[in-house]
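Heads up: the sequence shown begins at 506 in this note's numbering, then just goes up one per residue.
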Amino acid sequence: MNQDQKIAVLIDAENAQLKSLGSILTELSKYGHIIVKRAYGDWSSNHLKNWKSLMNELVIQPIQQFSYTQGKNSSDSALIIDAMDLLYSDKFDAFAIVSSDSDFTPLASRLRESQIHVYGVGEHKTPSSFKNACDDFIYVEVLRELDSDESQNEKQSKTKQKPKQKDIKKDTKLLTILKNAMEDCADEDGWASLAECGSLIKKQLPDFDPRTYGYTKLSQLIDDTKLFEMWKKTLEPSGKKVIYFRDIKKYG
506 MNQDQKIAVL IDAENAQLKS LGSILTELSK YGHIIVKRAY GDWSSNHLKN WKSLMNELVI
566 QPIQQFSYTQ GKNSSDSALI IDAMDLLYSD KFDAFAIVSS DSDFTPLASR LRESQIHVYG
626 VGEHKTPSSF KNACDDFIYV EVLRELDSDE SQNEKQSKTK QKPKQKDIKK DTKLLTILKN
686 AMEDCADEDG WASLAECGSL IKKQLPDFDP RTYGYTKLSQ LIDDTKLFEM WKKTLEPSGK
746 KVIYFRDIKK YG
């Protein structure tokens, strides 16, 4: 991941949650430098009145878009127009679209056609069309759970606690994803590069995230399945450490 990316963050306030904004920006800042932060909505409406304080704190620019038709989210078009203007400025390497609305699917596809990296941020209910149109899709529920775990740990003793982990050994869909990626990346001895497999899975499933299953790293998740053996190799002369894994039943 290029951590020098210049990122534009565009927030659909009508389809985003106020309490998640801080966590979202913290997460996106891991991937580069956030240059633009804009939130689109009808700020004259009552349901967005609580946004002002936090937007000031997080230095998010509100973009006013009046609702001309009742029940219709008019901020979509304003966000899309702004995104295209920013695209043609040639100042950005990546865009983050914060919304659970599938109406932004064409925008995400168009940005990727221009070789712009697209992050989608939304809830689990987000339609698959929008999720699959992004390079990476981040679930706000995962970010909220991480925040909750950190808060609980701060209130308790300094003893480190493992995050809540799901029973991945019974998750046939997950195991199939891991096995297929391993087979696609494996050499003649069955060893597959963890980094290559991670990249392949992300290309096929932009919303894949080990944290969804309670793991901070893909290597931890794979190791806990007990279906693969792990091999850590140090490359010379760089000293870089690379992790490989393969099927225990087939090669063990």
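Idealized CB from N, CA, C, for every residue including glycine.
query	result
So, Lys511 versus Phe635, is the Cβ gap smaller than 8 Å?	no
Whole angstroms is fine: what's the gap from Ile516's alpha carbon to Met735's?	40 Å
When the distance is taken between beta carbons, is Ser580 closer than 8 Å to Gly782?	No answer is possible for residue 782: the residues shown for the chain start at 506 and end at 757.
In whole angstroms, what is the alpha-carbon distance linking Tyr624 and Cys639?	6 Å
Could you check the C-alpha separation between Pro567 and Ser528 for me, to the nearest Å?	18 Å
Considering Leu699, what are the terminal residues of the beta strand (DSSP E) in which it resides?	From DSSP, Leu699 is part of no beta strand (DSSP E) but of the alpha helix (DSSP H) over Leu699 to Gln709.
Which of the three DSSP states, helix, strand or coil, is assigned to Trp736?	strand
Scan the region 603-642 and note each continuous beta strand (DSSP E) run of 3 residues or more that stays entirely inside, going in chain order.	622-627
Exposed or buried, which one is His629 when buried takes at least 16 other CB atoms within 10 Å?	exposed
Looking at C-alpha atoms only, which residue of Ser698, Gln709 and Leu723 is the closest neighbour of Glu739?	Note that residue 739 corresponds to Thr in the displayed sequence, not to Glu. Per the Cα distances, Ser698.
Considering only heavy atoms of the ligand ZN, does any lie closer than 7 Å to the CB of Gly744?	Because no ligand of any kind appears in the structure shown, any question about the ligand ZN cannot be addressed here.
Name the two residues that bound the continuous beta strand (DSSP E) containing Gly527.	No beta strand (DSSP E) holds Gly527; the alpha helix (DSSP H) holding it covers Leu526 to Leu533.
Starting from the C-beta of Asp689, find all residues in its chain whose C-beta is less than 7 Å away, skip the five residues before and the five after it, and write them out in chain order.	Leu705
Check the C-beta distance from Val647 over to Thr717 and give it rounded, since I have them as a contact under 8 Å.	6 Å
Going by DSSP in three states, Gln522 sits in which element: helix, strand or coil?	coil
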